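Chains as they are written, first to last, in the numbering used here: chain A, 1 to 525; chain B, 1001 to 1139; chain C, 2001 to 2234.
Following: one structure in structure tokens, then a few remarks.
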Amino acid sequence: MKAKIQVVICRCCSEVPALLNTDRLAMLATDADMVVSVKSVDAVCDGKDLAGVMGEAKEKEVDRAVVLACHKRDVAPALLRAYKRAGVNEFMIKLVNLREEVVLPHQAQPERAQAKAEAMLRAALVRSVMLQPRERQTEEMRTNNVVIIGAGVSGQAAARAAAKAGAHTVILEKTGKTMKAPGVILPHSQLIGAKGWTGNYTLTIRVGEKVEELEAAAIIVATGGGWTELKGPLAKAVKDAVPLYKLHERMENNDLPKGPVVVVDTPDPAGKTLKVQDYAWDDTLETVIELKKRAPSTEAYVVFQEMRAFGLNELAYKEAADIGIRFIRYDKAGAPKVDPKAPAKLAVKDFAQGEVLSIPFGTLVFASIPPNKDNEGIADALRIPMAFDGGIRRGSIQRGPVETVRPGIYVCGSALFPKSRELAEREGEMAGSMAGEFVKTGRTSYGGSVAEVEQEKCSACLTCVRTCPYEAPFIGRASKAEIRTELCQGCGICVGICPSKAIELHHYTDDQIMGEARSLLGGDF
Amino acid sequence: MADRKPKVIGFVCERHGMEAAVLSARSGKQHDASVRLVEVPCTGRVDGIHLLKAFEDGADAVFVFGCLEKNCYYDTGSIEGRKRVGYVKQMLEEAGIEKERLEMFNAASSNAWMFPKAVEKMVEVAKKLGPIEKGGDGQ
Amino acid sequence: MIVAKRKPLAEIVEMVRPYKKVTVVGCRSCVAICLAGGEKEVKMLVSALRLRAKKDGRKQEFEGFVVERQCEKEWVKEVEEKLLDSDLTLSMACSLGAQTIGDMYPSHLTFPGLNTGMFGVPEEQGVWSEKCVGCGNCIIHTTGGICPIARCAKSMLNGPCGGSANRKCEVNLEVDCAWAAIYDRLKLQNRLDLIEPITPAKDWSTSHAGGRRTYVREDAKLTPHQKKGKEALK
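As structure tokens, then:
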């Protein structure tokens, strides 16, 4: 069946015609093969203009469209919805960004801009003919459960926020500690395994001695995490450095440290493996101030790169200075060092004075919160990657600052990277709120522009299985690769890497990409 | 040969890559019209075949433009993109074709200057080296 | 599996230079898996060769495709027409594939595009290492599952040699001493008793040193009666 293309040329309220000859574009479109409708409008984002376009689309029974307008992210939502109502599948719309790709950046080159716009129109038509309709699948969420792993500060905050959004929260806490939180709290419980996908996970959990299954629409990892050891060059010279949380523990048992006490603001002052984290400040100040108050004769130094207490906690700087805690600032070039031959002295270059100070110490403390060795097992069960320092890896900041690589699985607090209690709480709120709002929709969708394996061509080389960030490919029946549509995010990494060209990405096939590129490269620039 | 303009094509990811290009345009930054773009979901989608075919189809220079590696929307996509570009550059060099004709760039969506910088660099390469075929315009 | 590597492109360019029409044929088996000669590598090579011809101002035609397994006559036969409609076939399979085509069409030129290297395992994605040299008489049950013929630089049967230090081979400090690994493995398995008796000198007659090998399963062979009419297996 022959394609019926509608071409829409948006003038962007006269911005486009100021540089380009849009009449000529319309003429080229009209003369093109398979184009049955050409509409030039002032603003495709304006309801009235849009209605006119859709009216003709329905009348001419178009099955696909090429829209020359502005940035896809701005114009697509309303446009695709309107076309859907007019009976055109969302994957049959090809958007061309004339505004930001041609008009705005080529103000001084009108002829070349025109040639480029015409080439983009031609290439879009070539691509359009190759497009195929695709359907997204929608699945009902079986439950509105948000399962939170960890009942610490961020876990509790997440539960409150998710419950506020209407979700039913279930907290898995590995210890027997009790706390006030909405929903169900399962003490002595741990995550063992997980199956399924966003919106419909089936978790295997151990509660006490029993092993049970638990449905989850969304999962929040709030297990906490920190460091137990110094890193970098300092670690070689000082073997008995104490992490701050351990110092705090010992002080609670009246085991005060041998002075002088030097607190370093990060497990890795030379900065090769870790950056200074903001958690360092609140907990550090609190602990050192308490130490100094209980043992006023103990000399206490705090050696730091950047001071970043959270909000009103900055008042602690003054209190600390008043009771005689000394602060020494350094930068990377003057990072604290300990000579293995003189192990009881910390050498650090004072940033203000420019002098290297030599501080004798009895106890070297480094800012750190308690670690969580369970993160590895949980990451394994949920099939999500870890960060290099033992935390859970975050998906890109753009995707969601509290989301893991897998959509629908969130992470907050120190499970991401060590942070202060207040920040952990805020992040918990964020994750809980995002999870709750997502679960409120009651639906999850997948499919559309996803990858698919042509089994006859597959060499079962395992490359796609090893490379996909979402573990969507697996070796299935017939010992060939298959892609789990529910997990596929449509990135195409597996498609670009398959040595036997057995995988195709719908809506971005090789033919479509290369066809468009070839058309763009044709003719003069 | 008459005044043949340089031909540069870029494969740009629809996440940080395209956002950065759009931001640069909206910030008023100008760049040479010798470039045309193909949008891909992720630079990890880019296949070595696409890059080589682009040269076959007449490109003087080709670039790939994606998310920063530590912040790729699809986690490891731009890392893959970089590897593909690296492999094809090596092939080009082995085949006796200037590997400078192909390059990878990364940017965050908030970076308005990286895209015009990438275009400028590749247009310069295209002008300097000319078309691949023998006897092309080149200095 | 068989692990091969593409020949340096400069070498291939020179190899195919005199031929007007070249078919490049890869394979979906081992060489696809070790990323040397699958459909993707074939298509990229064809593109690169076309670009080079374009640059040199030389008129040359290149076509590329793959077969399921290039060492099987039936699959090669399927693409016979395409193969022979050229001045040269460049095989991107292992040498077995290249030779199969050569044997089937002896008057047609078939050149190897890959250097066939070894029997290797993927240590991790993108890294293949040799673990077997096909000596024809496997003794790894006596060495804790680690082959000293392949993994020891001197193929010793009673190692380690005097040059082994810090569990590394004297030939290359990056390479683990196979016999240190064998020792550790046998210790783990509580079978250190195996390491003491002297293993006699190896009978290499089962390896390639004894001549080109042919393995036969008489019960699998087709009798003349069965073969009749099957032209493909001439």
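In this text, a Cβ means the ideal position worked out from N, Cα and C, and glycines have one as well.
Nothing here was measured: the structure is a model prediction, and the numbers come from that model.
Item	Value
Taking the alpha-carbon of K332/A as reference, which of S358/A, D339/A, A344/A, F304/A has the nearest alpha-carbon?	F304/A
In chain A, what lies closer than 9 Å to C2125/C by C-beta?	Checking the sequence, you will find Gln at residue 2125/C rather than Cys. Result: L462, T463, R466, T467.
Under DSSP, the alpha helix (DSSP H) around S2095/C begins and ends at which residues?	2095–2104
What is the DSSP secondary structure of G1138/B, counted as helix, strand or coil?	Bear in mind that a pLDDT of 39 at G1138/B, under 50, signals an unreliable position, so the model cannot answer this.
Nearest CA to the CA of R2058/C: which residue from K2021/C, R2213/C, D2184/C, C2177/C?	K2021/C
If you follow the alpha helix (DSSP H) that K2227/C is in, where does it begin and where does it stop?	2224–2227
Which of the three DSSP states, helix, strand or coil, is assigned to C464/A?	helix
Determine, for R2028/C, whether the minimum Cβ-Cβ distance to residues of chain A falls below 8 Å.	yes
With DSSP as the reference, identify every bridge partner of L505/A, one or two as the case may be.	A451/A
From V495/A to I359/A, what does the alpha carbon distance come to, in whole angstroms?	58 Å
For V153/A, collect the residues of the same chain with a Cβ closer than 6 Å to its Cβ; drop the 5 residues on either side in sequence, then sort them by chain order.	R421, A424, E425
Output needed for L2083/C: all residues of its chain with C-beta closer than 6 Å, excluding positions within five of it in sequence on either side, in chain order.	T2023, T2089
Where does the unbroken beta strand (DSSP E) through Y245/A begin, and where does it stop?	Where Y245/A is concerned, there is no enclosing beta strand (DSSP E), although the alpha helix (DSSP H) it sits in stretches over 244–252.
Would you kindly report the start and end of the unbroken beta strand (DSSP E) that includes T169/A?	168–172
At 9 Å on the CB atoms, spell out the chain C contacts of K1029/B, in chain order.	Result: empty, since nearest Cβ-Cβ is about 32 Å, beyond 9 Å.
Tell me the rounded alpha-carbon separation between G1135/B and T2100/C.	Any reading at G1135/B is ruled out, since the residue's pLDDT is 45, under 50, leaving its predicted position unreliable.
Would you mind sorting C1013/B into buried or exposed? The rule is 16 or more other CB atoms within 10 Å of its CB.	buried
Between S189/A, I220/A, H188/A, which lies nearest to Y201/A when the distance is taken from Cα to Cα?	I220/A
Contact between the segment 238–249 of chain A and the segment 387–400 of chain A is defined here as three or more beta-carbon pairs at a separation below 8 Å; is this criterion met?	no
I believe A2004/C touches G2037/C by the beta-carbon criterion, under 8 Å. Please report the beta-carbon distance rounded to the nearest angstrom.	7 Å
Within the same chain, show all residues whose beta-carbon is closer than 6 Å to that of R136/A, passing over the 5 residues directly before and after it, in chain order.	S445, G447, G448
Does any residue of chain B have a CB that is nearer than 8 Å to the CB of G2057/C?	yes
Name the chain A residues whose beta carbon is nearer than 9 Å to that of A2048/C?	Residues of chain A passing the Cβ test: none, with the nearest at roughly 16 Å.
Output the distance between the C-alpha atoms of E1094/B and P2106/C, rounded to the nearest integer angstrom.	31 Å
For Y410/A, which residues does DSSP report across the bridge?	I220/A, E403/A
Would you be able to state if there are at least three C-beta pairs under 8 Å between the segment 55–68 of chain A and the segment 511–525 of chain A?	no
Please report the straight-line C-alpha distance between K1029/B and E429/A, rounded to a whole angstrom.	39 Å
Among T2110/C, W2128/C, P2148/C, which residue has its Cα nearest to the Cα of Y2019/C?	T2110/C
Any beta carbon from chain C within less than 8 Å of M1104/B's own beta carbon?	no
Kindly indicate if chain C contains any beta-carbon less than 8 Å away from that of A1059/B.	no
Alpha carbon to alpha carbon, what distance is there between R122/A and E111/A?	17 Å
Would V8/A be called buried (16 or more neighbouring beta carbons within 10 Å of its own) or exposed?	buried
Put S154/A into one of helix, strand or coil per three-state DSSP.	helix
In the structure shown, what three-state DSSP assignment does R1132/B receive?	Checking the displayed sequence, the identity of residue 1132/B turns out to be Ile instead of Arg. In this structure, I1132/B counts as coil in the three-state DSSP scheme.
With distances taken Cα to Cα, identify the nearest neighbour of V450/A among Q132/A, V242/A, K48/A.	Q132/A
If the cut is a Cβ gap below 8 Å, which residues of chain C does K1053/B touch?	S2047
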